[in-house]
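Taking it in order: structure first as structure tokens, then the write-up.
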Amino acid sequence: MFHWLEKRPFFFAVAVFVTIAFAGLIEILPNFAQASRPTIGTAPYSTLELAGRHVYIKNSCNACHSQLIRPFKAETDRYGHYSLSGEYAYDRPFLWGSKRTGPDLMRVGNYRTTDWHENHMWDPAGVVPGSIMPAYKWTFTNIADVDTAYAEQITIKNAFNVPYNKPIPMKDGSTTTVALADSLSGAHASALEEAKVVAADMKNQNVKDAVANGQIPEIVALIAYMNSLK
Amino acid sequence: MENRPLEYDYTVAKMFMFSTIILGIVGMLVGVILAFQLAFPGLNLMLGEGLAEYTAFGRLRPLHTDAVIFGFTLSGIFATWYYVGQRVLKVSMAESGFLMFIGKLHFWLYLVGVAAVVVSLLLGITTSKEYAEFEWPIDIAIVIVWVLWGLGIFGLIGIRREQSLYISIWYYIATFLGVAMLYVFNNMEIPTYFASGGIGAWYHSVSMYSGTNDALVQWWYGHNAVAFVFTVPIVAMIYYFLPKESGQAVYSYKLSLLSFWGLMFVYLWAGGHHLLFSTVPDWLQTMGSVFSIVLILPSWGSAINMLLTMKGEWQQVASSPLIKFMILASTFYMFSTLEGPIQAIKSVNALAHFTDWIVGHVHDGVLGWVGFMIMASLFHMAPRVFKREIYSKSLMTTQFWIQTLGVVLYFTSMWIAGITQGMMWRAHDEFGNLAYSFIDTVTVLHPYYTIRAVGGLLYLVGFFMFAYNIYKTMSARRIEENELQTASPMAA
Numbered sequence: 013m014f015h016w017l018e019k020r021p022f023f024f025a026v027a028v029f030v031t032i033a034f035a036g037l038i039e040i041l042p043n044f045a046q047a048s049r050p051t052i053g054t055a056p057y058s059t060l061e062l063a064g065r066h067v068y069i070k071n072s073c074n075a076c077h078s079q080l081i082r083p084f085k086a087e088t089d090r091y092g093h094y095s096l097s098g099e100y101a102y103d104r105p106f107l108w109g110s111k112r113t114g115p116d117l118m119r120v121g122n123y124r125t126t127d128w129h130e131n132h133m134w135d136p137a138g139v140v141p142g143s144i145m146p147a148y149k150w151t152f153t154n155i156a157d158v159d160t161a162y163a164e165q166i167t168i169k170n171a172f173n174v175p176y177n178k179p180i181p182m183k184d185g186s187t188t189t190v191a192l193a194d195s196l197s198g199a200h201a202s203a204l205e206e207a208k209v210v211a212a213d214m215k216n217q218n219v220k221d222a223v224a225n226g227q228i229p230e231i232v233a234l235i236a237y238m239n240s241l242k
Numbered sequence: 010m011e012n013r014p015l016e017y018d019y020t021v022a023k024m025f026m027f028s029t030i031i032l033g034i035v036g037m038l039v040g041v042i043l044a045f046q047l048a049f050p051g052l053n054l055m056l057g058e059g060l061a062e063y064t065a066f067g068r069l070r071p072l073h074t075d076a077v078i079f080g081f082t083l084s085g086i087f088a089t090w091y092y093v094g095q096r097v098l099k100v101s102m103a104e105s106g107f108l109m110f111i112g113k114l115h116f117w118l119y120l121v122g123v124a125a126v127v128v129s130l131l132l133g134i135t136t137s138k139e140y141a142e143f144e145w146p147i148d149i150a151i152v153i154v155w156v157l158w159g160l161g162i163f164g165l166i167g168i169r170r171e172q173s174l175y176i177s178i179w180y181y182i183a184t185f186l187g188v189a190m191l192y193v194f195n196n197m198e199i200p201t202y203f204a205s206g207g208i209g210a211w212y213h214s215v216s217m218y219s220g221t222n223d224a225l226v227q228w229w230y231g232h233n234a235v236a237f238v239f240t241v242p243i244v245a246m247i248y249y250f251l252p253k254e255s256g257q258a259v260y261s262y263k264l265s266l267l268s269f270w271g272l273m274f275v276y277l278w279a280g281g282h283h284l285l286f287s288t289v290p291d292w293l294q295t296m297g298s299v300f301s302i303v304l305i306l307p308s309w310g311s312a313i314n315m316l317l318t319m320k321g322e323w324q325q326v327a328s329s330p331l332i333k334f335m336i337l338a339s340t341f342y343m344f345s346t347l348e349g350p351i352q353a354i355k356s357v358n359a360l361a362h363f364t365d366w367i368v369g370h371v372h373d374g375v376l377g378w379v380g381f382m383i384m385a386s387l388f389h390m391a392p393r394v395f396k397r398e399i400y401s402k403s404l405m406t407t408q409f410w411i412q413t414l415g416v417v418l419y420f421t422s423m424w425i426a427g428i429t430q431g432m433m434w435r436a437h438d439e440f441g442n443l444a445y446s447f448i449d450t451v452t453v454l455h456p457y458y459t460i461r462a463v464g465g466l467l468y469l470v471g472f473f474m475f476a477y478n479i480y481k482t483m484s485a486r487r488i489e490e491n492e493l494q495t496a497s498p499m500a501a
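Residue numbers (my numbering), protein chains in the order written: chain A, 13 to 242; chain B, 10 to 501.
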């Protein structure tokens, strides 16, 4: 049979394709519906948080940080409860990472605060002596791209039914809603409201001035995102 | 049929040889910079505060991986295809104006794609998925480039004179199909600009999959990108170039059959080993683990087939630096295809995952196996393509030893770094508290990061020697085609 195939490139190619495609079908498909259901208490990202997530991706923080806590005592001691599939339901893309040059950040919002992040992102080694993390000073001046974050929210709401403006069950039995503005200017306004809360805990005068003038530096969005990681 | 030997046309092969070397330098240079940044973080500012955004570790890291995978390695694959394809199918590109045109278009579009990738990654335009960082406009360009290559492959096969497809051709076909399938499915994404009625950045997109599903598809891709870029086509190369250079027939045809179909069947199942102890279902993790172990068989099958091809001719390893490169390449292939499955065992993975040991593993594969094999292929091609003898054998030998030392420093330091870090992360003191804060596990790595950076630097120096040797070959002593039956001619 193999001799026969070797003289017939078309059938050869088909045979190869079937052999390799097979595994993917069996492995990936059955799992799909299962894994995409959110856990109780998992809410989609707000506009500002999503803009911050884009800053995280833009700087490939995921090249050095994981967001996946494995079920070992050493990891749960260090980072908190191990990860559950449904907690990632609104993560597009996932940001598990593959290398922990720095610590896991899956629940960093539980133990780090806005002012800590502000100091740390400005000068990591100044806060944690010996740190090899780069400083991210430019995020204090670059302006976050709220437009694109809003565009993404609309896209995922329409395409994947992400529950913006809908009640989301929380762990204590209550519900919460993540609002999605119905216009771009509305999105800017609500992002700015959120940004003000973050900036109130910051001390960098340029950042405070920018927010007061209606602009959102990347660092503010990034911190909002990190605060949301719980 | 005419009597004189076919005149093969290497125009496109030469173009891709050129891009192999240039992109190799880019990818490895960025890699060395990254390595030094981890040892000396001040280098994140190497071009000053003003450009810090573009020289920081995170921005450069995807540029390094993508330049090596899709720049250096893919160029090497294309260069060897446009050389090997004609020769084993016994047909010249010059016989078809159409294929010639497609080949050149393939090269130029590829180059445009590369330029777009470099610019976009430096600007931070990325999807964040490893080795699939490109946004949708570049994805579309990549698909077009790939289709052009496919046209070239099947076009050439269509007009072949040799009816049976040689082993290398199997592997090139598999590369084409495998990457096509993986790439398309992993990059399913929706451009947000169009989906939102024209808001935000036009190039931005959002993944069709979320969370755990996204991870599953990504590592099915990520693992198999390794298979179909770093393994399958490199095996294609060694099956052609080692027998040619040594003048020995492939040891066993049966073994090559077995290894080929074995590899095709098994490889795709092993992706789950990137997701052990994650939130993907347990049975997938177990499959990933088990199939990774099984994968040793077809991998070693090819490698042993190659080593045994040298049976009775081992003196060639001593006398020819070109054979040295290939033999060490297949040795490193055996080495990393044993190391990988070990890391896929769950208890080992619990320690190794997220550490530098994984980085070490990738590099003994890519530096030792992929890099050596591509350079050896280009060394073998150069005299035939340029019709000149290789400029310097002694330079080649020196390069070989410098790079070998570089690889050894690289993986040994990363082993120690990875295992040290893994052990420190999990250590508890007598009261059951974590023994080390995270930063302790970072500072302890400094010496290993330094050694690794030096190892990488040595490899890069060797690569410059390679580039220089090939460059000088273009103006070395002329030779006749009939001098070129087996071993490549080299000046002392």
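Glycine included, each C-beta is placed from N, C-alpha and C at the ideal position.
Being a predicted model, the structure only gives us computed values, none of them experimental.
Whether residue i touches residue j by CB criterion (9 Å)
i	j	result
A:Val223	A:Ala236	no
B:Ser1	B:Gly33	Shown here, chain B extends from 10 to 501; a query on residue 1 of chain B therefore has no answer.
B:Ser308	B:Tyr342	yes
B:Tyr276	B:Leu293	no
A:Cys76	A:Gly114	yes
B:Gly427	B:Asp365	yes
A:Phe152	A:Trp128	no
A:Ala161	A:Ala193	no
B:Pro330	B:Met405	yes
B:Gly220	A:Tyr57	no
B:Phe344	B:Asp373	yes
A:Asn225	A:Gly121	no
A:Glu206	A:Glu39	no
A:Ala33	B:Met190	yes
B:Gly349	B:Gln412	no
B:Glu8	B:Gly133	Any question about residue 8 of chain B goes unanswered here, given that chain B covers just 10 to 501.
B:Ser287	B:Ile354	no
B:Val93	B:Tyr249	yes
Which residues DSSP lists as bridging residue i, in chain order
i	result
B:Thr74	B:Thr74 is not bridged to any residue.
B:Lys253	None; B:Lys253 has no bridge partner.
B:Met499	B:Ile399
A:Lys111	B:Phe363
B:Arg487	B:Arg397
A:Ile155	A:Pro229
Residues near residue i by beta carbon distance below 8 Å, same chain, minus five either side
i	result
A:Gly185	none
A:Ile155	Ala222, Gln227, Ile228, Pro229, Glu230
B:Arg169	Leu98, Lys99, Val100
B:Val453	Thr429, Gln430, Met433
Enclosing alpha helix (DSSP H) for residue i [first to last residue]
i	result
B:Ile199	Where B:Ile199 is concerned, there is no enclosing alpha helix (DSSP H), although the beta strand (DSSP E) it sits in stretches over 198 to 200.
B:Ser345	330 to 353
A:His93	Segment: none, A:His93 is in no alpha helix (DSSP H) and carries neither H nor E.
B:Ala106	According to the sequence displayed, residue 106 of chain B carries Gly and not Ala. Run containing B:Gly106: 106 to 131, per the alpha helix (DSSP H) assignment.
B:Glu62	61 to 64
A:Arg65	59 to 70
B:Leu38	20 to 48
A:Glu259	The structure shown does not extend to residue 259 of chain A, since chain A is modelled only from 13 through 242, so no value can be given for it.
B:Phe300	291 to 303
A:Asp127	126 to 134
Limits of the unbroken beta strand (DSSP E) element including residue i
i	result
A:Ser186	Segment: none, A:Ser186 is in no beta strand (DSSP E) and carries neither H nor E.
B:Val275	Segment 262 to 276 is the alpha helix (DSSP H) holding B:Val275; no beta strand (DSSP E) there.
B:Val502	In the structure displayed, chain B extends from 10 to 501; residue 502 of chain B sits before or after that span and is not available.
Own chain residues within Cβ distance below 7 Å of residue i, not counting five before or after
i	result
B:Arg96	Tyr17
A:Arg20	none
B:Leu469	Met37, Leu38, Val41
B:Phe300	Val275, Trp278, Ala279
Cut-off 6 Å between Cβ atoms - residues of its own chain near residue i, not counting five sequence neighbours on either side
i	result
B:Val241	Tyr180, Ala183, Thr184
B:Tyr19	Val394
B:Met10	Model confidence at B:Met10 stands at a pLDDT of 45, short of 50, so the residue's coordinates are unreliable and nothing is read from them.
B:Tyr458	Leu47, Ala48
Which ranges does the alpha helix (DSSP H) cover as unbroken runs of at least 4 residues, wholly within the region 457 to 483 of chain B, from first to last along the chain? none
Going along the chain, which unbroken runs of the alpha helix (DSSP H) with 4 or more residues stay wholly within the region 379 to 452 of chain B? 381 to 395, 402 to 435, 447 to 452
Can you check the region 157 to 236 of chain A for any beta strand (DSSP E) of at least 3 residues that lies completely inside it and give the ranges in chain order? Listed in chain order, nothing qualifies, since the region 157 to 236 of chain A has no complete beta strand (DSSP E) run of 3 or more residues.
Beta strand (DSSP E) runs wholly inside the region 128 to 186 of chain B, at least 3 long, in chain order: none
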